[in-house]
Amino acid sequence: MTSQNVNRGRSKKRSGYLKKKTEPYLYQLPTVILMVVLLVVPIYMVIQYSFFDNVIINDNPVFVGFQNFQELLTNESFWVAVKNTLIFVGGSVIAHMIIGITFAMVLNTKYIGPKLQAMFRVIFSLPWMFTAAVIAVLWKMLLNPNGFINFLLVELNLSSTNLEWLASRDLALFSVTMINIWAGYPLFMISILAGLQGIQSQLYESSAIDGANHIKNFFYITLPQLKPILISLILLDFVWTIQQFALIWMTTGGGPIDATEILSTFIYKQGFSEYQYAMASTSAVILLVICTIVAIFYVRHQRGQE
Amino acid sequence: MVGEKKWYIKLITFSLLVVGTIFSGFPVLWMFLNSFKPNSEIFAWPPVWISDNFTLNAYAQILSDPEKIRFFINSYFVAFIVVILTLFVSILASYSFSRFNYPGKKIINTLIISVQAVPPITLLIPYLSLVVALNLYNSYGALILTYLLFTLPYAILMMTGYFNTLSKELDEAVMIDGGSRFRALWTVLVPVAVPGIVSVGMYTFMLAWNEYLFALALTKTTEFRTVPVGINLLMGQHAYEWNQMMAMSILGSIPVLLLFLFFQKYFIAGMTSGSIKS
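Each protein sequence line maps, in turn, to chains A and B.
Numbering of the first sequence is given in the working numbering, commencing with residue 1 and proceeding in unit increments.
Numbering of the second sequence is given in the working numbering, commencing with residue 1 and proceeding in unit increments.
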């Protein structure tokens, strides 16, 4: 055994140790690089933009502190967008939950067998399979003044005139919210269905012995058992709906005037049709802060369940 | 007592099934029927269900227009590249999460999870600068890079969950025989993880296929635009050729529809385990 051999053995050992230490990081390297370039840098940039005057267009933007925020928070159109966003998001999330629970309970009933259940599950999930562009075109056709929805309402004597669903200031926000409700409930339905199937049947059996009826069962067993799933879904849906852009952009474009302007269309217009990139960035930062707060609740909720 | 109640509940159940079927299915059926009508009959009063002038014209016009074919090629190309890159990167990261313990693991994990809360629109403006600076404006590269950010978090979380269910002895056996960890991952673990990989791939494909905002903002010419943008362009362009828009919508939905039908089980399992823990 010469000293050379001992050395070689030791250095081999050391390189093995180093390799062992660095290996997990090497596997993470592509992800981390992508996350930093595509997420951390852009978020840093957008926050920075919100503190400068006209960025991107101006070669030497000037630091203006909170001036952009001040300007935005005193801008009436911004508050219209906030109000519309709240109605759009609130209406969508509540309706998604109600429709989701109802359809999930119907699919979960013992009156239909597994085959029928699978078939109806696919039919009820249909809206989920279409991209926003398709949903927008489809509903523009259905809600056209001469379209099928108006035909139905007039035939059933529910309306005397052909309504301008998407072009009237009074109806447009309601209409886009309805479209979004149609497009989004299957996530709730599918997740709640999974939740319902996880509830132990003994719970219902013992309540049947106590003579409880269906309504009591629903409020004292089903809903409490679903509560964790429902809270997760509501928080997730809130974050997803608040960023909905495509559907509104392609149906009304935020109009007529500002009747369906929500934060995302407001940001897009500020940036891409008015070239107010600083203002667009400032609104984006506000939206980001809202979503971050909701996300913190979401993560805490998920951790609490573990 | 029981008989009477059952009758009542049954009636409600079956009425709701009918209502739900109409609610979810009718708009889709109407789209399908209208793709076979001449444009003049789309808004006929009373509505025409199946036209006497049944025609495949709308489909023929879409499929013979090189510009529209281009939208499909672009969508397929972008989606396939995104799927391949997402799978490669997420398999590496998930392996690291699943098989090692090391300082910083939690930070990386939190970073990945937090992406899901970032509204894409907030990143749009910096992306524009970034894409222009990288000379990627109006290119496939801009779209592929962007979509990676949104597909990776879900892919990694789901793959990690899948790898965790696979026994460590699988890859350790290869290493005892002198093989490297990297080889063990690709030759032993990946083939076993095919069901997980398939569902991640599907989800990734759907996301890339359906994306609209960045496809609209980061491309300028029809050379690089994808199906969703194409459908919307059609809306403005030809003074409302509704039958063509319906035909294009159906053609543009077929890939996702087929994926959903064939892999429903994986998709629902993935969707529910990815977003909700119960």
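Think of the CB as a built atom: it goes at the ideal place given N, C-alpha and C, for glycine as much as any other residue.
All values reported here derive from a predicted model rather than from experimental measurement.
- The beta carbon of residue 31 (chain B) falls within 7 Å of a beta carbon belonging to chain A, placing the residue at that interface.
- With contacts defined by Cβ atoms closer than 7 Å, residue 228 (chain B) and residue 133 (chain A) form a contacting pair.
- Around the beta carbon of residue 201 (chain B), 16 or more other beta carbons sit within 10 angstroms, so the residue counts as buried.
- Annotation: the continuous alpha helix (DSSP H) that includes residue 141 (chain B) extends over 140-165.
- Around residue 96 (chain A), no beta-carbon contact reaches into chain B at under 9 Å, the shortest distance being about 13 Å.
- Taking C-beta atoms as the reference points, residue 196 (chain B) and residue 123 (chain A) fail to come closer than 7 Å.
- Residue contact check for residue 101 (chain A) against chain B: no CB pair falls below 7 Å.
- The beta carbon of residue 179 (chain A) sits closer than 7 Å to the beta carbons of 135, 139, 247 and 251 from its chain, once the five residues preceding and following it are set aside; these are given in chain order.
- With contact defined as three or more Cβ pairs closer than 8 Å, the region 166-175 of chain B and the region 206-223 of chain B are not in contact.
- Using a CB distance cut-off of 7 Å, residue 277 (chain A) counts as an interface residue toward chain B.
- Distances from the alpha-carbon of residue 189 (chain A) to those of A:80, A:120, A:299 and A:78 put A:120 closest.
- Of all residues in the region 225-257 of chain B, only 228, 231, 232, 235, 242, 245, 249, 252, 253, 256 and 257 come within less than 7 Å of chain A when Cβ atoms are compared, listed by chain position.
- For residue 275 (chain A), there is no enclosing alpha helix (DSSP H), as DSSP marks it with neither H nor E.
- CA-CA distance, residue 226 (chain B) to residue 190 (chain B), rounds to 31 Å.
- Not one beta carbon of chain A lies nearer than 7 Å to the beta carbon of residue 155 (chain B).
- Bounds of the alpha helix (DSSP H) holding residue 195 (chain B) are 194-210.
- Residue 103 (chain B) counts as exposed, since fewer than 16 other beta carbons sit within 10 angstroms of its beta carbon.
- For residue 212 (chain A), no alpha helix (DSSP H) segment is defined, and its DSSP state is neither H nor E.
- DSSP places residue 237 (chain A) inside the alpha helix (DSSP H), whose first and last residues are 223-242.
- With respect to chain A, the C-beta atom of residue 168 (chain B) has no partner C-beta closer than 7 Å.
- Between residue 76 (chain B) and the set B:99, B:211 and B:262, the nearest pair of CA atoms involves B:211.
- The three-state reading of DSSP puts residue 120 (chain A) in helix, counting H, G and I together.
- Its Cα nearest to that of residue 129 (chain B), the residue A:37 stands out among A:293, A:235 and A:37.
- At least 7 Å separates the CB of residue 189 (chain A) from every CB of chain B.
- Residues of the region 185-199 of chain B whose Cβ lies closer than 8 Å to any Cβ of chain A: none.
- C-alpha of residue 231 (chain B) to C-alpha of residue 222 (chain A): approximately 42 Å in a straight line.
- Under the three-state reduction of DSSP output, residue 63 (chain A) falls in the strand class.
- Annotation: Cβ neighbours of residue 260 (chain B) in chain A (cutoff 7 Å, chain order): 129.
- Per DSSP, the continuous alpha helix (DSSP H) segment holding residue 84 (chain A) begins and ends at 76-107.
- Identification of residues in the region 100-114 of chain B having a C-beta nearer than 9 Å to some C-beta of chain A yields 100, 101, 102, 104, 105, 108, 110, 111, 112, 113 and 114, given in sequence order.
- Residues of the region 31-47 of chain B with a C-beta less than 8 Å from any C-beta of chain A: 31, 34, 42, 43, 45, 46 and 47, listed in chain order.
- Comparing alpha-carbon positions, the option among A:34, A:89 and A:58 lying closest to residue 278 (chain A) turns out to be A:58.
- Three or more beta-carbon pairs separated by less than 8 Å are not found between the region 140-148 of chain B and the region 90-107 of chain B, which leaves the two stretches without contact.
- Nearest C-alpha to residue 94 (chain B) among B:60, B:132 and B:152: B:152.
- Taken in chain order, the members of the region 140-151 of chain A whose beta-carbon sits within less than 7 Å of a beta-carbon on chain B are 141, 142, 144, 146, 147, 148 and 151.
- The criterion of a C-beta distance shorter than 7 Å is not satisfied by residue 193 (chain B) and residue 240 (chain B).
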